[in-house]
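Here's the structure we're looking at; comments come further down.
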Amino acid sequence: MGAGQSFLENLEWRRAAKHFSGGAVDSEGINRAIINAPSSFGIQPYKVYAVKNKETKEALRKVSYDQAQVTECDTLYIFCARTDVEERAEEYLVAAKGEYMRGMLMGFVKGLKDKQAWSAKQAYIALGFALAAAAELQIESCPMEGFNPVEVVKILSLPKNLVPCVFLAVGEKAEDKEPGPRFRFPASNLIVLVD
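Counting in full-length UniProt numbering, the sequence shown runs from 1 upward without gaps.
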């Protein structure tokens, strides 16, 4: 936990970092958060690439609207939705010894109208946990959707069953680049109590 702060205080500390120093950070806690993030039925219908290679990050920056975070960060996580949800469900049933739930799980995934969109939603849950872990560890982070997914597929030579849906840049803070002021709408604007 960051400097004796609570989880919520660390979330309030977090900003979307627009620049990083290029220094290394220990991202093991972020990796653990991604692995342990909840997903529907627990099948984790996504794959996450952790890009550290400088040349690969430079190529990715060119297809990400030249956003500096892509090359300045220590690790660029690329969350990819799986389109082969039925295969992933089968893989889960075998690995988790989950035969008891076969009918329910396979019925659910076969009935999905947009498997890629569902998988992307699950990947975003993992992204949220990665962001929370980064805040807890006081590691600068920035989620990013501004990129050309077709070009990302080519650069990473992704298999046909993976579609990139969001990036997460993490790294050491650039001391000379302070983020702008943080704004959040109040609870009264976001949360509706149904009593």
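All C-beta atoms in this analysis are idealised placements derived from N, C-alpha and C, irrespective of residue type, glycine included.
With contact defined as three or more Cβ pairs closer than 8 angstroms, the region 169 to 189 and the region 108 to 118 are not in contact. Bounds of the beta strand (DSSP E) holding T75 are T75 to R82. One thing to note: V170 has its Cβ within 8 angstroms of the Cβ of V25. Taking a C-beta distance under 8 angstroms as the contact criterion, C142 and K54 do not qualify as a contact pair. Distances from the alpha-carbon of A117 to those of F7, R82, R88 and E86 put R82 closest.
CA-CA distance, I34 to P181, rounds to 28 angstroms. A distance below 8 angstroms separates the beta carbons of V48 and A126. Less than 8 angstroms divides the Cβ of Y92 from the Cβ of I43.
DSSP, read as helix, strand or coil, puts F7 in helix.
At least 8 angstroms separates the beta-carbon of F20 from that of Y46.
Looking at the DSSP output, Y49 shares a beta bridge with I78.
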